[in-house]
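Residue numbers (this note's numbering), protein chains in the order written: chain A, 282 to 589; chain B, 15 to 534.
Scroll down for the structure; my scribbles are underneath it.
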């Protein structure tokens with residue numbers, strides 16, 4: 282386990298989302314409410330910068346992103362310690378994908394900084410991107426290539442030599458159970474196979490930091506277990522993994538750190554045990570995010586009571 | 015329901031306009047252009063109305079036939095059919111086929127070409143004001159003509175789309191399907207030349223045209239004006255029958271398209287080994303080139319962009335024979351082959367993130383794409399330039415012709431390399447019919463094409479100027495100069511275009527990706 286430098290922060294949101302913020306037990310200051318003007322340029326002091334001297338594997342400071350009227354990410358700070366298995370959870374539309382896109386150089390933030398092993402990603406994209414392996418969500422692959430071609434492409438694009446690429450392509454296809462479909466075009470893959478081949482592309486250059494957006498979506502249980510094992514081995518050997526997911530159980534079992542995001546802000550972050558504070562991660566998540574409806578009001582959907 | 019579809023189309027258009035100022039500019043230019051044409055045609059129609067019935071018939075049937083024919087064929091070879099309201103998106107809704115066809119037909123009229131055609135066809139009714147008994151038939155004929163235009167364009171694109179989308183044998187099928195369409199024009203012009211010796215051929219041509227689906231809706235009014243009600247009724251039957259056949263064909267095509275879904279043929283296709291990835295240099299640039307080459311061969315949108323290339327010599331031969339116009343073949347092909355790269359990033363779509371996420375600088379991306387286009391474009395351009403020399407028997411002009419061809423190719427490739435890292439516009443998605451135009455993509459894309467083509471023209475001027483001088487004078491010195499300048503200046507433009515495109519890519523790649531993602 283890495284050194285305990287992360288502060289646990291937990292703030293409760295008012296039902297309307299932008300009301301007064303209640304500060305959590307471990308965090309002295311209150312989170313800034315969503316401002317309606319320019320956000321501050323200086324990163325908020327929420328995350329101690331590079332505490333302990335050793336740079337975090339991935340650090341995100343004061344990220345903001347607005348799409349038209351909607352502020353998708355409103356001042357997100359995250360510190361992913363090196364060697365951690367970091368889960369990012371949040372409801373739909375919380376800003377997870379936007380945050381991860383900005384953290385991997387795919388989407389330019391309006392404000393804020395991204396540090397990959399201490400290197401400013403947006404100031405020197407080539408350096409930062411060479412350390413990252415990325416599996417984004419909601420975008421397609423070059424699906425007119427075969428599986429083997431696609432992984433080869435990812436490897437060659439990152440300047441690896443042909444022999445190494447060829448060997449790793451074989452290893453990855455075997456590990457992900459795709460050998461039989463190595464020569465099938467990716468366009469003809471199922472959703473789960475597509476996720477797996479995208480994961481292979483993210484892994485082929487043995488990155489220092491892996492950022493995976495919804496890697497288990499549509500993946501069958503056996504493949505998911507294989508992927509978890511691969512990722513766990515990778516973390517054990519000193520790699521760092523960031524995954525986003527909806528599945529709390531999975532995150533609780535798999536990750537050692539977690540951040541809960543909603544409404545474009547971090548509600549709580551830290552080690553799993555600190556964040557869940559005794560209860561299950563799911564209960565804690567629901568308590569923090571709120572918004573559970575009782576399921577009443579859809580009476581017409583209950584076919585037994587309808588008409589007849 | 016029809017009103018719903020039209021409202022949907024208008025909403026999509028408005029949202030598209032709100033998103034990009036370029037689309038507004040494109041739309042305004044298109045509207046001005048369309049209105050200009052409409053005004054000119056209406057003035058001509060007014061002048062026409064004072065002429066004899068025979069003259070009016072001549073003009074209306076010829077013009078009307080061209081209009082219908084254009085609606086049927088132009089979407090296949092040029093701009094595509096607006097796919098804003100794509101029938102495949104309604105696959106899950108329980109809509110009667112009849113409603114959908116009616117809705118899509120009306121939606122087809124919303125747009126610059128649709129509005130212009132509507133105004134012009136309604137204008138034709140006015141030409142008959144001196145023959146009151148023909149006014150009723152004129153209204154019927156105009157409406158039928160309009161319906162034939164819109165329904166015909168939907169039918170041809172719906173029915174022919176699967177031919178071109180199918181991966182295997184795609185090129186062959188596409189060319190075979192297009193050949194008759196593309197040759198009708200040239201054959202017509204040849205016929206015209208051969209026949210124009212005998213002075214009064216036109217009335218006969220028009221008489222024949224009047225009995226075809228293209229001319230019938232316009233000719234029936236003329237028959238009515240002359241009191242030949244039997245012929246008029248027969249032509250009404252022809253027009254109505256054609257419309258019915260088109261509707262049935264369209265309906266069948268829609269059924270097939272809805273079942274097929276947006277994906278093309280679900281046959282699992284396999285490749286053997288790594289293809290180009292095993293043969294090109296194992297560098298990032300080589301990898302980009304290998305990927306692009308693979309796409310040139312596997313993605314029907316690239317084929318649709320250059321489908322006209324193998325037909326150009328035939329078309330030029332029919333329209334110019336062995337005249338000097340044939341010598342334009344090389345430069346034309348060079349321009350087309352080079353310019354295809356201008357839509358490269360747009361064709362990538364969201365998979366472009368692979369490049370953005372990789373630690374490469376812009377020059378790698380640009381150079382890789384340019385290499386791929388060069389590997390294909392140089393041989394094709396040179397071969398077709400040689401073909402033009404052989405066909406015209408003017409091998410003495412080899413130097414200037416080759417100089418101009420290669421020069422235009424490199425210039426076009428260079429400009430396209432710069433343009434495509436700045437501008438992306440909506441294109442049919444991979445696997446969609448290459449004949450569809452995405453919403454608002456047409457106007458923005460057209461504008462980009464115009465600006466880029468202008469740049470290619472200006473930058474290529476020294477080369478083409480020297481080449482023309484060489485061809486006209488037959489001077490060897492000028493010919494050598496054209497070749498040297500063509501290759502040298504072309505290479506310079508290409509290198510500068512790749513560099514400029516590369517530095518724009520470095521600054522704006524995430525923004526490009528953001529736009530591609532917003533296209534969905």
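Backbone N, C-alpha and C fix where the C-beta goes; we use that ideal spot for every residue, glycine too.
Roughly how far, in whole angstroms, is the beta-carbon of residue i from the beta-carbon of residue j, given that I think they are within contact range, below 8 Å?
{"i": "residue 352 of chain B", "j": "residue 416 of chain B", "result": "Contact flag wrong, Cβ pair sits at about 15 Å."}
{"i": "residue 311 of chain B", "j": "residue 303 of chain B", "result": "Residue 311 of chain B to residue 303 of chain B, Cβ: 13 Å. No contact."}
{"i": "residue 386 of chain A", "j": "residue 406 of chain A", "result": "5 Å"}
{"i": "residue 388 of chain A", "j": "residue 524 of chain B", "result": "6 Å"}
{"i": "residue 391 of chain A", "j": "residue 347 of chain A", "result": "6 Å"}
{"i": "residue 480 of chain B", "j": "residue 495 of chain B", "result": "5 Å"}
{"i": "residue 423 of chain B", "j": "residue 484 of chain B", "result": "Not a contact, Cβ separation roughly 18 Å."}
{"i": "residue 129 of chain B", "j": "residue 40 of chain B", "result": "About 16 Å separates the two Cβ atoms, so there is no contact after all."}
{"i": "residue 368 of chain A", "j": "residue 526 of chain A", "result": "6 Å"}
{"i": "residue 52 of chain B", "j": "residue 136 of chain B", "result": "In fact, because the Cβ distance is near 10 Å, the residues do not count as touching under 8 Å."}
What is the residue span of the alpha helix (DSSP H) that residue i lies within?
{"i": "residue 291 of chain B", "result": "290 to 293"}
{"i": "residue 434 of chain A", "result": "428 to 438"}
{"i": "residue 448 of chain A", "result": "443 to 456"}
{"i": "residue 564 of chain A", "result": "562 to 570"}
{"i": "residue 228 of chain B", "result": "Taken as a continuous stretch (DSSP letters only), residue 228 of chain B belongs to no alpha helix (DSSP H), as it is neither H nor E."}
{"i": "residue 423 of chain B", "result": "412 to 433"}
{"i": "residue 404 of chain B", "result": "376 to 406"}
{"i": "residue 578 of chain A", "result": "Here residue 578 of chain A belongs to no alpha helix (DSSP H), and DSSP marks it neither H nor E."}
{"i": "residue 414 of chain A", "result": "Looking at the DSSP string, residue 414 of chain A is not in any alpha helix (DSSP H); the run it does join, the beta strand (DSSP E), is 413 to 416."}
{"i": "residue 510 of chain A", "result": "502 to 517"}
{"i": "residue 534 of chain A", "result": "529 to 535"}
Where do the N-terminal and C-terminal ends of the beta strand (DSSP E) with residue i fall, by residue?
{"i": "residue 546 of chain A", "result": "546 to 552"}
{"i": "residue 358 of chain B", "result": "Note, residue 358 of chain B: premise wrong, no beta strand (DSSP E); alpha helix (DSSP H) at 358 to 362."}
{"i": "residue 351 of chain A", "result": "351 to 361"}
{"i": "residue 346 of chain A", "result": "339 to 348"}
{"i": "residue 137 of chain B", "result": "Unbroken run through residue 137 of chain B is the alpha helix (DSSP H), 126 to 140; no beta strand (DSSP E)."}
{"i": "residue 521 of chain A", "result": "521 to 526"}
{"i": "residue 307 of chain B", "result": "Note, residue 307 of chain B: premise wrong, no beta strand (DSSP E); alpha helix (DSSP H) at 298 to 312."}
Does the Cβ-Cβ distance between residue i and residue j come in under 9 Å?
{"i": "residue 227 of chain B", "j": "residue 162 of chain B", "result": "yes"}
{"i": "residue 348 of chain B", "j": "residue 420 of chain B", "result": "yes"}
{"i": "residue 475 of chain A", "j": "residue 467 of chain A", "result": "yes"}
{"i": "residue 429 of chain A", "j": "residue 463 of chain A", "result": "yes"}
{"i": "residue 427 of chain A", "j": "residue 537 of chain A", "result": "no"}
{"i": "residue 370 of chain A", "j": "residue 580 of chain A", "result": "no"}
{"i": "residue 380 of chain A", "j": "residue 359 of chain A", "result": "yes"}
{"i": "residue 171 of chain B", "j": "residue 74 of chain B", "result": "no"}
{"i": "residue 147 of chain B", "j": "residue 78 of chain B", "result": "no"}
{"i": "residue 315 of chain B", "j": "residue 438 of chain B", "result": "no"}
{"i": "residue 330 of chain B", "j": "residue 350 of chain B", "result": "no"}
{"i": "residue 497 of chain B", "j": "residue 393 of chain B", "result": "no"}
{"i": "residue 411 of chain B", "j": "residue 403 of chain B", "result": "yes"}
{"i": "residue 402 of chain A", "j": "residue 410 of chain A", "result": "yes"}
{"i": "residue 60 of chain B", "j": "residue 140 of chain B", "result": "yes"}
{"i": "residue 408 of chain A", "j": "residue 373 of chain B", "result": "yes"}
Let me know the secondary structure DSSP gives residue i once reduced to three states.
{"i": "residue 408 of chain A", "result": "helix"}
{"i": "residue 532 of chain B", "result": "helix"}
{"i": "residue 25 of chain B", "result": "helix"}
{"i": "residue 542 of chain A", "result": "strand"}
{"i": "residue 174 of chain B", "result": "helix"}
{"i": "residue 477 of chain A", "result": "helix"}
{"i": "residue 441 of chain B", "result": "coil"}
{"i": "residue 491 of chain A", "result": "strand"}
{"i": "residue 316 of chain A", "result": "Unreliable placement is indicated for residue 316 of chain A, whose pLDDT of 42 sits below 50; the coordinate value is still reported in the next sentence. Three-state DSSP puts residue 316 of chain A in coil, outside helix and strand."}
{"i": "residue 466 of chain A", "result": "strand"}
{"i": "residue 88 of chain B", "result": "helix"}
{"i": "residue 396 of chain A", "result": "strand"}
{"i": "residue 366 of chain A", "result": "strand"}
{"i": "residue 521 of chain B", "result": "helix"}
{"i": "residue 332 of chain A", "result": "Because residue 332 of chain A carries a pLDDT of 45, less than 50, the predicted location of this residue cannot be relied on, and no value is offered for it."}
{"i": "residue 237 of chain B", "result": "helix"}
>> For the segment 349 to 363 of chain B, list every residue whose C-beta sits within 7 Å of some C-beta in chain A, in sequence order.
In response: 363
> Of all the residues that make up the segment 38 to 55 of chain B, which are near chain A by a beta-carbon distance shorter than 8 Å?
Replying inline: none
> If contact means a Cβ-Cβ distance below 8 Å, which residues of the segment 297 to 310 of chain B contact chain A?
Replying inline: 297, 298, 300, 301, 302, 304, 305, 308, 309
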